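In case it helps, our numbering puts the sequence shown at residues 925 to 1167. One structure below.
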Amino acid sequence: MTDLATIAERLDQAATSRTVTPQFGADAGLDVPTAYRIQEAVVAHRTARGERLVGLKLGLTSRAKMAQMGVDEVIWGRLTDAMAIADGGTISLADHIHPKAEPEVAFLIGGGTIAAVAPAIEVIDSRYVDFRFTLPEVIADNTSASGFVVGAWQPVPAGIDNLGVLLEVDGRTVQIGSTAAILGDPRRALAEAVRLAAADGVELTDGSVLLAGAATAAVPLKPGAHVRAVVESLGAASLKVTP
């Protein structure tokens, strides 16, 4: 098995240098528990540079994605303050490798429950060649976490389990979905995140952000694009892309 610290260093270097790294393959001996240990080490590189953990994100929250990856459980990753992008803010492609955006629902945690909800955009950016990976590889890479935009926080409305979701690029709708794609009801994300993260001794503390999962497929980002996620009853979140 390849040394775990070496794998973590390689993934961190790929992220900081904005260059892809080859997939590790079967010889690395990666399984899911080992991958989460690598993820912890990868994020430790970030916190050692002064970044602060601010929340968690879930991945593979749709049944279709689970079937595609041959798994029956969602995965999770860590969010840091350096990943936060202001609503309506700008990201540069030069700071990424091959980023994509997907519309999400974000929760604000308070008192161990969901205190508020907001429309959100997650920017994912795999550090692997061609954005291709196995399940353990993407977990080790902190589930491709790169950035996130959160719109205005508001009380959780009734019927959040089936709200329409749009992803727009330059005013044109490019993806249509529903919050039902997120575990059947995005509120289930809290229990899943708490359960999964607890296995690694991680807690969702008050004030944490939880990205519940993607409501549609991700869309590659291009220079000059204006990206907007619209969630019925919740409003919108947006970002702009520069070269």
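For each residue, glycine too, the CB sits at the ideal point set by N, CA and C. Note that the structure is a prediction, hence the values are computed from the model and not measured.
Three-state secondary structure (DSSP) at residue i?
i	result
Gln-947	coil
Ser-1102	strand
Glu-1116	helix
Ala-1030	strand
Ala-1010	coil
Thr-1004	strand
Thr-985	coil
Ser-1016	strand
Pro-957	helix
Arg-970	helix
Leu-935	helix
Phe-1055	helix
Thr-1129	coil
In this structure, what does DSSP give as the bridge partners for residue i?
i	result
Arg-1096	Val-1093
Gln-1078	Val-1041
Lys-1024	Ile-1048, Pro-1144
Can you tell me whether residue i is buried or exposed, with buried defined as 16 or more other CB within 10 angstroms of its CB?
i	result
Lys-1146	exposed
Arg-970	buried
Pro-1027	buried
Asp-936	buried
Go to residue i, then tell me how far its beta strand (DSSP E) extends in each direction, as first and last residue.
i	result
Leu-1135	1133-1138
Val-1155	1150-1155
Ser-1162	1159-1166
Are there three or more Cβ pairs, one per stretch, closer than 8 Å when the region 1068-1082 is compared with the region 1008-1021? yes
Answer yes if the region 1089-1102 comes into contact with the region 1052-1060, meaning at least three C-beta pairs across the two stretches below 8 Å, and no otherwise. no
Cβ contact check for the region 1148-1156 and the region 997-1004: 3 or more pairs under 8 Å: no
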